[in-house]
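Working notes for the structure below.
Protein chains: 2
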Amino acid sequence: MKTLKVGLCGAGNVGGAVLRTLIQSSQLLEVQGGVHFDIVQVGARRGKEVVPYEGINITTNLEDVATNPDVDVLVEVIGGVNFAYELVTTALKEGKHVVTANKALIASHGNELFTLAKENNVEIGFEASVAGGTPVIKALREGLVATKVKWFAGILNGTSNFILTEMESNQSTFESALEKAQELGLAESDPSLDINGTDAAQKASILAALAFHVPFDFSLVSFEGIEEIELEDLGYAKELGYSIKHIAHGELENNVVCVSAYPTLVDNETLLSQVGKEMNALEIFSEGIGSTVYYGPGAGPEPTASAVIADLVDIAKGGWDLDINSDDQNKLEVSDRKRAARYYRLQVNDEPGVIAKISSLFGDQNISIEALIQHEAKSKENLESISVVIISGEISNNEAVKLKNALEDLPEVFSGVKKFRIHAGEK
Amino acid sequence: MKTLKVGLCGAGNVGGAVLRTLIQSSQLLEVQGGVHFDIVQVGARRGKEVVPYEGINITTNLEDVATNPDVDVLVEVIGGVNFAYELVTTALKEGKHVVTANKALIASHGNELFTLAKENNVEIGFEASVAGGTPVIKALREGLVATKVKWFAGILNGTSNFILTEMESNQSTFESALEKAQELGLAESDPSLDINGTDAAQKASILAALAFHVPFDFSLVSFEGIEEIELEDLGYAKELGYSIKHIAHGELENNVVCVSAYPTLVDNETLLSQVGKEMNALEIFSEGIGSTVYYGPGAGPEPTASAVIADLVDIAKGGWDLDINSDDQNKLEVSDRKRAARYYRLQVNDEPGVIAKISSLFGDQNISIEALIQHEAKSKENLESISVVIISGEISNNEAVKLKNALEDLPEVFSGVKKFRIHAGEK
């Protein structure tokens, strides 16, 4: 049986789960994985108090682990970018493999890290960086190795999905849904990277590099978070047969790759629309075989540990031996060119001719109106202003922004027009 | 770059797609898989006319491929059991790896084949044998390698799922739905192995061997097909919040493994219930991480070729090196002990006291009634007989059969009581 000598950096929730699984499931891992794990050293700043096992070599200086000559593979689960980057580069230069759950690290330093790994003839595992316990990286680069990926669309931020599900199911406001997520440990005390779309965009960037063989370049990923979504939008979306999800998206067309993460209307007939709570899901559309979808827990100590250990088993067996920075004709560009239908919600003065004026503005810009909803004003308080919801034909990002600005320039339209993408699905 | 010398047996729809992909996507496979494929020989009974490529060594004697000393790996895509078994055992004995899409072969001869492979230090790839282009074998044995699987539930027969979807969406009868499936090439001219549950049960047997480390033993897999499902059942299921799907199921409890494939009511809140048409999906429930779900095309030339080639890439990189027949305490038993709620539909005489009699029969057998539907008789023609639908509490297979027999013994109940399982989902 193969033996892998592991050095673990980080003994928090995720590190603790990795350690617990390696120790308590050692027999299962030998049967299922054919690998025996030797835990050479654990780096934990708080030392022994957070590592409740006997006979483990513990250091409070995490760099010890990265330079320990007995360690074959460094597991980095401390999070954050700067110190993690130092640890990982040290380990790679020392000829150690690395397994990390750190999407921010990969998204921001992926090119250097994979180049360094190649130079030192070692591997980097990062299954846990996207979709946690759901093996989407494995599916993408191994299961679908013989297919050409055209696009992917994923619900990759559990916090955002939980908040949207809460709002949709319980008519909660954004604020109270976020509070509930925090109470349940599904959102951090500062949840900004989750709800402003950064986290999902980083994951999209990683998937795009794998799917389309383009270098990591987070500056070319366009994204927005879910903060602008209001209960009223979820209601109108439902009326039109959609759910609103935060969708990380990547697409290859004519050798141009566009990557983005936006609040998006998803048809209620699709599987993605059915993904609730804090769950993640990724749809990958390949030439010839069409869509495959992967659903599961996107975060949490056990799911993340499961992905980390799956990477360790793969490394014990020789790793992936893939040149992630391989030359390709594909080029990553900002996603301005991507065409998609859009949802617009306008607050307008309830006066004669306003719909005609809005409609002709669409016509002037040569944009079709696919659907329009204007309900009767129900409450006396809102008599002066009504909501109008319009689904446009397929337009580019630039056209969509231009249209929004033009709408807001109309004297009858209040500022703060809502605008969300619509996911077209199979094509 | 690694090179793998491939011998292909079978040049029908699937073999043709394997060959086409290996030839036309060779550059993509080098970039994504890091492997160059050398097509050493193609065995096709009809010879050159079915292999429209120049410079390929073709033989009409398939055994030539299995004994060709230049071949590293034999791809078996001829289907059927007996001759495929001969070819595969010959190749294994000659020290060649094997990749097969043949679930019947693996389900019936798995133990011998994996033993033979081990003795000869070669690998058998069988990703394509379950769920076609959806990499469920890879997810199960690699992605979830660090988890203990408790159960799986899958829609693994595309023909059955297409027929049920047609019946549900278009109110087609079983017969006309089957006819449509045949017209679309989704059902064979003799569809019996698909619609009587054999195909799904074979796949369940393969998944169980992997998930629970038990030997292949198809004689212990209990199954039924979809022939008994009527439009009326789909209607009642919908009323109760369920869809009826053909579910392949495996479960581990107290070291006992039960494997089955039955028509099953699936809660409409679950992803499995949303899997329509000929698509496949597999839900795997693991300790610690809960459910992950894999969805995609379960058959067809391109999806099957995608899975076959993914196996070839894995073999080029060293394979899985797993002892599939490893010793374990788990024991496969017939699934009589599995407890599940049941759906019963009875045709009864519309006379006073009949519901009371049926209810007390449930009470006598100590089985709870979770739901009961009896609609008013609407048409004058059916005044003498009405349908009664009952959802029972959780009972074993034996109890369910005993209850059905007792119900049919009542003079007021017509014979032909329908009985389907209900899938409980997470636990």
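Going down the list, the protein sequences come from chains A and B. The numbers in this note's numbering rise by one with no breaks, and the one at position 72 of the first sequence is 52. The numbers in this note's numbering rise by one with no breaks, and the one at position 352 of the second sequence is 332. The beta-carbon is built from N, C-alpha and C at its ideal position, and this holds for glycine as well.
By the Cβ rule, the segment 306 to 315 of chain A does not count as touching the segment 142 to 160 of chain A, because fewer than three pairs are nearer than 8 Å. Of B/12, B/141, B/30, B/35, the smallest CA-CA separation from residue 18 of chain B is found for B/35. Among the CB atoms of chain A, one or more fall inside 8 Å of the CB of residue 293 of chain B. Membership of residue 241 of chain A in any alpha helix (DSSP H) is not indicated; the residue belongs instead to the beta strand (DSSP E) covering 236 to 247.
Setting aside the 5 residues that flank it on each side, residue 366 of chain A is surrounded in the same chain by 328, 330, 354, 357, each with a C-beta closer than 7 Å to its C-beta; the list follows chain order. Assigned with DSSP and collapsed to three states, residue 25 of chain B falls in coil, not helix or strand. Per DSSP, residue 147 of chain A is one residue of the alpha helix (DSSP H) stretching across 138 to 150. Residue state for residue -18 of chain B is assigned as strand, using DSSP reduced to three classes. Listed in chain order, the non-local C-beta contacts of residue 370 of chain B below 6 Å within the same chain comprise 324, 349, 352, local neighbours out to five positions each way being set aside.
For the 8 Å CB-CB criterion, residue 315 of chain A and residue 239 of chain A form a contact.
Close CB contacts of residue -19 of chain A within its chain, under the 8 Å cut and outside five residues either way in sequence, are with 10, 14, 15, 16 (chain order). The Cβ-Cβ distance between residue 271 of chain A and residue 276 of chain B falls below 8 Å.
Runs of alpha helix (DSSP H) with 4 or more residues, each lying fully within the segment 147 to 234 of chain A, are found at 154 to 163, 172 to 175, 178 to 192, 211 to 219, listed in chain order. Here residue 330 of chain A is not bridged, per DSSP, to any residue. Taking a cut-off of 8 Å for Cβ pairs, the segment 147 to 156 of chain B and the segment 46 to 65 of chain B do not touch, as fewer than three such pairs fall below it.
For residue 231 of chain A, the closest Cβ of chain B is not nearer than 8 Å. In terms of Cα proximity to residue 374 of chain B, the closest of B/347, B/392, B/397, B/364 is B/347.
Assignment of residue 311 of chain A by DSSP, reduced to helix, strand and coil, places it in the strand class. Closest in alpha carbon position to residue 119 of chain A, among A/387, A/266, A/342, A/334, is A/266.
Bridge pairing for residue 399 of chain A: A/324 [DSSP]. The beta carbon of residue 190 of chain A lies closer than 8 Å to those of 117, 120, 121, 304 in the same chain, with the five residues before and after it left out. Residue pairing by DSSP places residue 274 of chain A opposite A/262, B/274 in a beta bridge.
In this structure, residue 209 of chain A keeps its C-beta atom at 8 Å or more from the C-beta atom of residue 171 of chain A. Residues of chain B whose Cβ lies closer than 7 Å to the Cβ of residue 275 of chain A are, in chain order, 251, 272, 273. In the DSSP assignment, the residues bridged to residue 354 of chain B are B/368. In the three-state reduction of the DSSP assignment, residue 80 of chain B falls in the strand class, which pools E and B.
Contacts between residue 289 of chain A and chain B, judged by CB atoms closer than 8 Å, involve 125, 126 in chain order.
Taking a Cβ-Cβ cut-off of 9 Å, the neighbours of residue 1 of chain B in chain A comprise 126, 127, 268, given in sequence order. Taking a C-beta cut-off of 7 Å against chain A, the contacting residues of the segment -18 to 11 of chain B are 1, 5, 8, 9, 11, listed in chain order. With the rule of 3 Cβ pairs closer than 8 Å, the segment 373 to 389 of chain B does not count as touching the segment 221 to 237 of chain B. Contact check for residue 255 of chain A against residue 176 of chain A fails: the beta carbons are separated by 8 Å or more. Shown here for residue 20 of chain A: same chain residues with a beta carbon closer than 7 Å to its own, the five before and five after excluded, namely -15, -14, -13, 37, 48, 50, 51 in chain order.
Along the segment 90 to 140 of chain A, the alpha helix (DSSP H) does not occur as any fully enclosed run of 4 or more residues. Contact of residue 309 of chain B with chain A is not assigned, every C-beta pair being separated by 8 Å or more.
For the 8 Å CB-CB criterion, residue 77 of chain A and residue 338 of chain A do not form a contact. Going by DSSP, residue 379 of chain A is part of the alpha helix (DSSP H) stretching over 377 to 389.
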